[in-house]
Every structure is written in C-alpha cells, then in structure tokens.
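Residue numbers (our numbering): 4 to 500.
Here is the structure we will look at, set down as structure tokens.
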Amino acid sequence: MQATGRWTGGTARATRARIRKVTHAQGAGASGLAKLIELHAVSAAGDALIAVSLAGTLFFAVPTGEARGKVAIYLLVTMAPFVLVAPVIGPVLDRFRHGRRGAIAGSFALRGFLAWVLADAVAGGGIELYPAAFGVLIGSKAYVLSRSACVPRVLPSQISLVRANSRISLAGVAGVALATPVAAGLAAIGPEWSLRVAFLVFVLGTILSAMLPRGIDAAAGEVDANVLSADQGRDLPLETGSRDPAEAWADRWAPSPLPDRSAAGADQTLHARSDPNADAEPAPVPEPGPVPERISRRPRLGNVGAAVVMGLRANVALRAMTGFLTIFMLFLVRDQPLGGLSSELSVGALGLAVVLGSLVGSMLGNRFRELAPEPIIVGVLALAALTALVTAMFYSVGTALVVGAVAALAQQLGKLAMDAQIQRDVPERVRTSAFARTETAVQLAWVLGGGLGIALPLNPVLGFTVVAAGLLATSLVIGRSFVVLVRAGRTSRPRPA
Numbered sequence: 004m005q006a007t008g009r010w011t012g013g014t015a016r017a018t019r020a021r022i023r024k025v026t027h028a029q030g031a032g033a034s035g036l037a038k039l040i041e042l043h044a045v046s047a048a049g050d051a052l053i054a055v056s057l058a059g060t061l062f063f064a065v066p067t068g069e070a071r072g073k074v075a076i077y078l079l080v081t082m083a084p085f086v087l088v089a090p091v092i093g094p095v096l097d098r099f100r101h102g103r104r105g106a107i108a109g110s111f112a113l114r115g116f117l118a119w120v121l122a123d124a125v126a127g128g129g130i131e132l133y134p135a136a137f138g139v140l141i142g143s144k145a146y147v148l149s150r151s152a153c154v155p156r157v158l159p160s161q162i163s164l165v166r167a168n169s170r171i172s173l174a175g176v177a178g179v180a181l182a183t184p185v186a187a188g189l190a191a192i193g194p195e196w197s198l199r200v201a202f203l204v205f206v207l208g209t210i211l212s213a214m215l216p217r218g219i220d221a222a223a224g225e226v227d228a229n230v231l232s233a234d235q236g237r238d239l240p241l242e243t244g245s246r247d248p249a250e251a252w253a254d255r256w257a258p259s260p261l262p263d264r265s266a267a268g269a270d271q272t273l274h275a276r277s278d279p280n281a282d283a284e285p286a287p288v289p290e291p292g293p294v295p296e297r298i299s300r301r302p303r304l305g306n307v308g309a310a311v312v313m314g315l316r317a318n319v320a321l322r323a324m325t326g327f328l329t330i331f332m333l334f335l336v337r338d339q340p341l342g343g344l345s346s347e348l349s350v351g352a353l354g355l356a357v358v359l360g361s362l363v364g365s366m367l368g369n370r371f372r373e374l375a376p377e378p379i380i381v382g383v384l385a386l387a388a389l390t391a392l393v394t395a396m397f398y399s400v401g402t403a404l405v406v407g408a409v410a411a412l413a414q415q416l417g418k419l420a421m422d423a424q425i426q427r428d429v430p431e432r433v434r435t436s437a438f439a440r441t442e443t444a445v446q447l448a449w450v451l452g453g454g455l456g457i458a459l460p461l462n463p464v465l466g467f468t469v470v471a472a473g474l475l476a477t478s479l480v481i482g483r484s485f486v487v488l489v490r491a492g493r494t495s496r497p498r499p500a
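As structure tokens, then:
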C-alpha cells in the first residue's frame, strides 16, 4: 500500500513538473502567461462537465422529435446572453480594466454557484434549469472576454499573440479531454453528479484567479481610444492615426522582429508602429489637449481596421458552419448511425474527431510563430469549404469524421487568428468591447447555423451542399479582401501578430 502511494505521488509530481515545463516555456512563467494558461484549462474542464450533463438531459434522454424542441429552446437560451454581452458586459469590463482579476474570479464564482443550482434542477426537474443555464453562459462569456483582453498584459517578448492564444486554447482542449470522460462516467450515476464536480472545479478556478499576477490589473503603456479624434484612422486601426493607408499597411505587413511587449517597451512598440522615424531619438511627449466630450464619453469602435473586419467575416462563416454541423450531425447520426454503430457510439466518434481537430488546430497555431493572422484565416476558410464540398459529393463514415475534424480545426485556428488581430490592432481602452462585439457576432452565427441544422431534413447531401455553398461564397469575398490588403501593403509577407 505504501509503495502504491509513493508511486502515485511520484507520478503526480512528475506529471505536474512536465505540465509546468510546457506552460512556463519561453518566458511564460516569468511574465504570468503560464498562470493564465493553467487557469483556462480549469475553466474549460468546468464548462465541459456542465455541457456533458446538459447534453444528456436535453438530447439523449428524450425521443428525437422532443429533442429537437428542447435543443431549439437551448439555442434561444444560448443567444440570449449576447443581448447583454455586446452593449453591457464589454463596456463594463472596459471601464474597470484595472480589476480584471476580480472579473475573472467573479465569472468562476458565478458559474460555480449556478452549477450547484443546475444539479438540483436536473435531479428534481425544476424550472430553474434554463435560467441557470443562461447564467452559466453569461459567466462563461464574461470570462472569455476578460481573459482575452488580459493576454497582451502578460505576453513575453519571445512569444507572438497567435502562439500565446494557441497555447491557451491547447490548455482548454486538454481540460475538455480530461473532464469529458469523467463527466461521462458520472452520468452513469446521475447527470447531477457531473454538475456537482463542476461546482468544485469552479471553486478551484476562483482561488486560482486570485493568484493571477498583479500585472493583469496594470495598464502601463496602454492607449486610450478616446485620445484620438473621430476622424483619425477612420478606415484603419487606431494605432495608424491619419497616415496614408498604403503606407500604414506597408508598415504593418513588412517583415519585422517581434516587438518588445514588456511594460517598459510598450510605449516604444506603439510609437514604432505609427512613426516611420522610430529609430530617431524620441521627442518629448506633449500634454494631451482637451478631449471632445462625445469621444470621451463613448470611445469609437468603428476604427478597428480592415484586417479585423476580414477576420470577423471569416469567423462568422466558420462558426455558422460548426453550429450547423453540431446540430445537424447529432440528429443525423442518431437517425442514421455511422457504419452500423449505435447512435451513442456514432456521436462519440464524431466528438473524438472534433476534439482531435481542435487539438491539431491549437498545435498548428502554436507552430505558426512567423505567420500573420490574415493568411491563416484565408487558408482555413478555403480548407473548410473544400472539405464540405467533398463530403457533399462523397458522404461516408470517413468523410463525416473528416469534416467534423476539419471544421473544429478551422474554427480553432480562425478564432486564434482573429483574437490576435484584435489584440494587435485595437487599443486596450476598447479591446474588451471589441472582443464582446466579435464574440456576439460569431456566437449568433453559431446559433443561426444550429437553427438551420434543426430546420433542414436529415439528408447529408443537401446539408453539406448548403454548407459548401455558403463557405465557397464567403471564401471568394475574404480572398478578395486579402488581395486588397496585400496590394495596399506592397508586400506579400504579413508581419506576425
């Protein structure tokens, strides 16, 4: 018994050391990024425990016809939080940008409390199921927005934004992979048990949130959007000011080393982006003049830049595709199981393909250190369109699994790239609002895609033809935007984020 205990303890310590070696690599431990990475794994695990429990309650426990109605209600509940996210949560978090640790801890505490409420609702059949699920989604989105806005504050100089985001996402995939079998095992006892474990996970997340580095609450070297006039940078990121568009894009997309993202170098990095004579001795910074009242009261979000708009459009299409495939394929394999498997095993096989796709997407994002977000977005959108077209023409068990994996990979890489664009181009003063608006758009696209998956008949050729047509049309639009940006920059090699 003692030998077994020593072996278990040694294995746990070795595993912890190996995880810390990965998360603390390239200065992530010293900067505080490692703690954010580990915290995201905890958040993803808790969300996965809740999702598995609710999936069993809403989908597998009832007949197909009744399940469609319950899933439709859940989609409406999913959409509801975003009525608050863009106009309320994002600006509130922007205003209290010195309290991001508190916002993250609060999101964990809220989800933990509501996980316990959900456990009672599932066990007793109470009507509080949907309101509690609504609150969990609110807490989850508030966490995502706060965490995304914190990444530049703890980014070491050796790591690009795309790579940092991919590390965080990879930790989330690991958390889901660990939590899903636990939730499935607990579901055999009762769906409420995975929710009670989720409560404990979120309590742990609340404690870890308080241990995040103090630098997350600091705003040294960051820029307020309200110090610029409404006419500056109307069609460009605010950092480019009123420069000529071609000159600004040439500077943005020219090959260059990664900027110094330390607190001391933040101001120099900003001026290097906006001043072609950045190598000269910096002139004294004059005191800012009076800020127009309409600008100071409400910072503008319209100047996010053409690259961010392009990334958002592509991600809307990708998220609509994954929403459609999630709902459509769940009902399709329940009605027409894959390769003679049971419906449960078919759903499990699809889920495994999705997890593998997300894992590969995160790993690729971690490898794309020298590649800017824009070509990544164009590439994954084209790949998703081509895969959907092939699946529509040759639907089989293999193509169904491949399209699930590719959809997850494309969504993962596309989201990582868009997050890097926002973190690179949008001033910190309105960055959380920008994340809120983009997250609102892509999540609504997911809901609309899922609604289409409920409405269409369970015909795989028809379903994948619709997906392929939508993605091909979007690919043409995004490809044209990318060409315009490359020509404006007079170079074919974008600068990494």
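Ideal Cβ placement from N, Cα and C applies to all residues, glycine included.
Beta-carbon gap between residue i and residue j smaller than 9 Å
i, j, result
"L386", "V357", "no"
"L39", "P159", "no"
"S361", "V179", "yes"
"V211", "L52", "Reading the sequence as shown, one finds Leu at residue 211 and not Val. No, the pair does not count as a contact, with Cβ atoms beyond the cut-off."
"P155", "Q426", "yes"
"L447", "V469", "no"
"G452", "M324", "yes"
"V433", "L207", "no"
"G175", "H43", "yes"
"E347", "L148", "no"
"G417", "G314", "yes"
"A564", "V311", "This structure cannot speak to residue 564, because the chain is shown only from 4 to 500."
"S169", "G364", "yes"
"I457", "F334", "yes"
"L374", "A411", "no"
"L345", "V157", "Looking at the sequence itself, residue 345 is Ser, so the reference to Leu does not match. No. Outside cutoff."
"V55", "A135", "no"
Other residues of its chain near residue i: CB distance less than 6 Å, five sequence neighbours each side excluded
i, result
"L404", "A356"
"S349", "V336, P340, L341"
"A122", "E195, L198, R199"
"N462", "none"
"G407", "L353, A356, V357"
"N280", "With a pLDDT of 49 at N280, under the threshold of 50, the modelled position of this residue cannot be trusted, and the question is left open."
"R215", "The residue you asked about is not Arg; residue 215 is Leu in the sequence shown. Closer than 6 Å at the Cβ level, and outside the excluded window around L215, lie K38, R104."
"D338", "L461"
Distance between beta carbons of residue j and residue i, contact taken as under 8 Å
i, j, result
"F467", "A395", "4 Å"
"A391", "L474", "6 Å"
"S172", "Y146", "14 Å between Cβ atoms; not a contact."
"G213", "A108", "Looking at the sequence shown, residue 213 is not Gly but Ala. At roughly 6 Å, the Cβ-Cβ gap stays under 8 Å, so A213 and A108 are in contact."
"L117", "G102", "About 22 Å; that fails the 8 Å criterion."
"L328", "S478", "Actually they are not in contact, since the Cβ atoms of L328 and S478 sit about 17 Å apart, beyond 8 Å."
"I192", "R104", "Actually they do not touch by this definition, with Cβ atoms about 36 Å apart."
Reference residue i; option with closest CA among the options
i, options, result
"T183", "T441, L419, L57", "L57"
"L367", "G142, G326, L419", "L419"
"R316", "K144, V445, G401, G102", "V445"
"F205", "G102, T402, R114, F331", "R114"
"F485", "P460, A309, N318, R440", "A309"
"L459", "F331, R483, V381", "F331"
"F202", "V125, L181, W119", "W119"
"K144", "N369, V487, D50", "D50"
"G382", "L181, R440, E431, N318", "N318"
Same chain only: Cβ atoms within 7 Å of residue i, ignoring 5 sequence neighbours per side
i, result
"W449", "R322, A323, T325, G326"
"A47", "G175, G178, V179"
"S151", "D422, F438"
"R217", "none"
"R379", "One point to set straight first is that residue 379 is Ile, not Arg, in the sequence displayed. Here the set comprises F371, L416, A420."
"A167", "L36, V154, L158"
"A320", "L384, G473, L474, T477"
"E131", "V120, A124"
"T209", "A108, F111, A112, G115"
"A388", "A471, L474, L475, S478"
"V393", "T402"
9 Å Cβ cutoff, residue i in contact with chain C
i, result
"G178", "The structure shown contains no chain C; it is built from a single protein chain."
Contacts around residue i, its chain only, beta-carbon distance under 8 Å, and the 5 residues preceding and following it disregarded
i, result
"Y398", "P463, V464, F467"
"V400", "L341, G342"
Residue ranges of each alpha helix (DSSP H) within the segment 184–216, 4 or longer:
Annotation: the segment 184–216 contains the following complete segments of the alpha helix (DSSP H) (minimum length 4 residues), in chain order: 194–213.
Runs of alpha helix (DSSP H) wholly within the segment 97–139 (minimum 4 residues, chain order):
Segments of the alpha helix (DSSP H) lying fully in the segment 97–139: 103–127.
Start-end ranges of the alpha helix (DSSP H) lying completely within the segment 362–404, minimum 4 residues:
DSSP runs (the alpha helix (DSSP H)) wholly in the segment 362–404: 376–396.
What are the start and end residues of each continuous alpha helix (DSSP H) run of 4 or more residues lying completely inside the segment 403–468, in chain order?
Those alpha helix (DSSP H) runs which fall completely within the segment 403–468 and span 4+ residues are 434–458.
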